[in-house]
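The structure appears right after this line, and notes come after that.
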Amino acid sequence: IEDFYVKMREKAQQAEDMPIPLTARQLWAIVRLSKARARVRLSNIVTADDAERAINLVKASLAQAGIDMETGEIDIDKIYSGITKSQRDKINDILNIIRELETEYGTAKKSEIIEIGEQKGISKTNTMEVLDKLKVKGDIFEPKFERYKVT
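Number 454 in our numbering belongs to position 69 of the sequence shown; there are no gaps in the numbering.
Below, the structure is given as structure tokens:
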């Protein structure tokens, strides 16, 4: 169990921009599941097989609920907050673009946001989705048609 947890955490630390795949909460879930499996076998001793099956169960659960569809990596943030690290990064990039344009021109034109977003690797569709989400959340507003400001 410890080896699995440490390897998953090390994998995330090696790649700076990779999200954290597991927290201590998942570690203790694996421990509890291992103990439960041992009890089902009517044993007081947890075996390596119990631990492996618990790890596989947690992996399967994370694969269903915690996969970032863009990166294919397990992202525990998706389970807890509903937003993956890659989505959060795009939101921050778009907000920074708006702030820069706002500083320079007073407002940020939608076409310029899209253009700069594409230069940073964010598709037009993703940029428009992020703009809509930010407007709904109240993080940005539209003082004029297709011109944005950060609240």
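All residues carry an ideal CB built from backbone N, CA and C; glycine is no exception.
Owing to the predicted nature of the structure, the values given are computational and were not obtained by experimental measurement.
Membership of phenylalanine 526 in any alpha helix (DSSP H) is not indicated; the residue belongs instead to the beta strand (DSSP E) covering 525 to 529. Judged by beta-carbon spacing, lysine 475 lies within the 7 Å limit of isoleucine 507, meaning their Cβ atoms are closer than that value. Taking the C-beta atoms as reference points, isoleucine 501 is found nearer than 7 Å to isoleucine 482. Shown here for aspartate 517: not one same chain residue has a beta carbon closer than 7 Å to its own, the five before and five after excluded. By the neighbour-count criterion, in which a residue is buried when 16 or more other Cβ atoms sit within 10 angstroms of its Cβ, asparagine 511 is buried. Counting only the Cα atoms, alanine 414 lies some 37 Å from glycine 523. For valine 535, the enclosing beta strand (DSSP E) stretches over residues 532 to 535. By the Cβ criterion, the stretch 405 to 421 is in contact with the stretch 449 to 468, since at least three pairs of Cβ atoms, one from each stretch, lie closer than 8 Å. Within the model, the alpha-carbon separation for lysine 520 versus aspartate 435 is close to 48 Å. Every alpha helix (DSSP H) of 4 residues or more that sits fully in the stretch 447 to 501 is shown, in chain order, as 461 to 466 and 470 to 490. Distance between glycine 491 and lysine 534, taken at the CA atoms: about 8 Å.
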